[in-house]
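*Asks:*
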Amino acid sequence: MNKKVLSLITGMICFVLVLAIVIQIKTIKSTNSIGIQTISNDNLRDDLLKWKEKYDNANVELDKAQKKLETTRQVAIQNKPELMKRELELKKNNMALGLTNVIGEGVIITLKDNQGITNESIGITDDIRSYLVHDANLREIVRKLKISGAEAISINNERVVSGTSIVCSGNVIRINDRKVGSPFEIKAIGSPELLYGNLTETITKLNNSGIIVEIQKKDNIEINKYDGTINFNYATNNE
Numbered sequence: 006m007n008k009k010v011l012s013l014i015t016g017m018i019c020f021v022l023v024l025a026i027v028i029q030i031k032t033i034k035s036t037n038s039i040g041i042q043t044i045s046n047d048n049l050r051d052d053l054l055k056w057k058e059k060y061d062n063a064n065v066e067l068d069k070a071q072k073k074l075e076t077t078r079q080v081a082i083q084n085k086p087e088l089m090k091r092e093l094e095l096k097k098n099n100m101a102l103g104l105t106n107v108i109g110e111g112v113i114i115t116l117k118d119n120q121g122i123t124n125e126s127i128g129i130t131d132d133i134r135s136y137l138v139h140d141a142n143l144r145e146i147v148r149k150l151k152i153s154g155a156e157a158i159s160i161n162n163e164r165v166v167s168g169t170s171i172v173c174s175g176n177v178i179r180i181n182d183r184k185v186g187s188p189f190e191i192k193a194i195g196s197p198e199l200l201y202g203n204l205t206e207t208i209t210k211l212n213n214s215g216i217i218v219e220i221q222k223k224d225n226i227e228i229n230k231y232d233g234t235i236n237f238n239y240a241t242n243n244e
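Residue numbers (my numbering): 6 to 244.
1) Could you check the C-alpha separation between His-139 and Cys-173 for me, to the nearest Å?
2) Roughly how many whole angstroms lie between the Cα atoms of Gly-154 and Ser-170?
3) Put Gln-221 into one of helix, strand or coil per three-state DSSP.
4) How many Å lie between Asp-224 and Lys-151 at the Cα?
5) Helix, strand or coil, according to DSSP, for Ile-158 in the structure here?
6) Answer with buried or exposed for Asn-84, where buried requires no fewer than 16 other C-beta atoms within 10 angstroms of its C-beta.
7) Go ahead and pull the three-state DSSP assignment for Ser-214.
8) Confirm, please, whether the CB-CB distance from Gly-103 to Ile-226 is below 8 Å.
9) Measure how close the beta-carbons of Ile-180 and Ile-158 come, nearest whole angstrom, since I'm counting them as under 8 Å.
10) Assign Leu-3 to one of two classes, buried (16 or more other C-beta atoms within 10 Å of its C-beta) or exposed (fewer than that).
11) Exposed or buried, Phe-237, counting other C-beta atoms within 10 Å across all chains shown (16 or more means buried)?
12) Whole angstroms is fine: what's the gap from Lys-149's alpha carbon to Gly-168's?
13) Which residues mark the beginning and the end of the alpha helix (DSSP H) in which Leu-150 is found?
14) Candidates Gln-221, Asn-106, Ile-178 and Asp-182: which alpha carbon is nearest Leu-199's?
15) Cβ atoms of Leu-116 and Val-185: under 8 Å apart, would you say?
16) Using a threshold of 8 Å, state whether the C-beta atoms of Ile-248 and Ile-194 are closer than that.
17) Which residues mark the beginning and the end of the beta strand (DSSP E) in which Ile-137 is found?
18) Helix, strand or coil: which one does DSSP assign to Leu-102?
19) Got a sec: is the Cβ-Cβ distance from Ala-240 to anything in chain D below 8 Å?
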């Protein structure tokens, strides 16, 4: 075998060896990267679970403290008509502000994106966005509920109060600055007949537009209190 052929064979062997080493190094790096990413994800999940546990425990302690405070307050106002009157007024004010849990008859409205619609199944002049629930749809229903005498309203368990904002945020909607998505369940306490009747036209219009909307009269609807902070940045007491 002459030197030229031997050099060629040697060169090919070296090339194959280098290629094998490069592939092995890349495989090791990829494996390490996946391993590091997995460890990182596990750590993040563990941290999230720990913070959730702390949050839940804090809520339990807060609930206990509130119940203890209520018991102490009730004992303090016993046999004191003036204090009992003020306590009743305070409870009414808190109820009006949405700061207490309430229960009563009313209606439940459910709005859903139309998942059966695609760009291929609609007309060329149609806009697929019209088949999705938007913040304006929720605001319109809340407005109709308020003028119909609803005494308490919530959307996906977020209590609607005077300062509640309902705005689009990407593919979800922010209510009280918390993200919620379809389906949207709106609870309203008030006269079932009045609420139902005044929403009929709006719901028919939404259904005709392609959004899926249902409304039901219900007894014993439970609406949770607003758990945020009500701030007055511009209004002050003028008394």
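All C-beta atoms in this analysis are idealised placements derived from N, C-alpha and C, irrespective of residue type, glycine included.
*Replies:* In short:
1) In the sequence shown, the residue the question calls residue 139 occupies position 134. In the sequence shown, the residue the question calls residue 173 occupies position 168. Approximately 7 Å, taken between the alpha carbons.
2) Along the sequence shown, read from residue 1 onward, the residue named residue 154 stands at position 149. Along the sequence shown, read from residue 1 onward, the residue named residue 170 stands at position 165. Those two C-alpha atoms are separated by around 20 Å.
3) Numbered from its first residue, the sequence shown carries residue 221 at position 216. Strand, per DSSP.
4) Here residue 224 is taken as the residue at index 219 of the sequence shown, counted from 1. Here residue 151 is taken as the residue at index 146 of the sequence shown, counted from 1. Near 19 Å, if we compare the C-alpha coordinates of Lys-151 and Asp-224.
5) In the sequence shown, counting from the first residue as 1, residue 158 sits at position 153. It is a strand residue.
6) The residue labelled residue 84 in the question sits at position 79 within the sequence shown. So Asn-84 counts as exposed.
7) As a working mapping, residue 214 is identified with position 209 in the sequence shown. Reduced to three states, the DSSP call for Ser-214 is helix.
8) As a working note, residue 226 is residue 221 in the sequence shown. As a working note, residue 103 is residue 98 in the sequence shown. Not a contact, by the Cβ cut-off of 8 Å.
9) Here residue 180 is taken as the residue at index 175 of the sequence shown, counted from 1. Here residue 158 is taken as the residue at index 153 of the sequence shown, counted from 1. Ile-180 to Ile-158, Cβ: 11 Å. No contact.
10) Past the edges of the chain, shown from 6 to 244, lies residue 3, and the structure says nothing about it.
11) Mapped onto the sequence shown, residue 237 falls at position 232. Answer is exposed; the Cβ neighbour count stays below 16.
12) Along the sequence shown, one-based indexing puts residue 149 at 144. Along the sequence shown, one-based indexing puts residue 168 at 163. Going from the Cα of Lys-149 to the Cα of Gly-168 covers about 17 Å.
13) For the purposes of this step, residue 150 is taken as the residue at position 145 of the sequence shown. Residues 140-152.
14) Within the sequence shown, residue 199 is the residue found at index 194, counting from 1. When each option's Cα is compared against that of Leu-199, the closest is Gln-221.
15) Locating residue 185 in the sequence shown gives position 180, where the first residue counts as 1. Locating residue 116 in the sequence shown gives position 111, where the first residue counts as 1. Cβ atoms of Val-185 and Leu-116: not closer than 8 Å.
16) Because the chain spans 6 through 244 in this model, residue 248 falls outside it and cannot be assessed.
17) Locating residue 137 in the sequence shown gives position 132, where the first residue counts as 1. The residue you asked about is not Ile; residue 137 is Leu in the sequence shown. Careful: Leu-137 lies outside any beta strand (DSSP E) and carries neither H nor E.
18) Mapped onto the sequence shown, residue 102 falls at position 97. Helix at Leu-102.
19) This model lacks chain D altogether, as it is built from one protein chain only.
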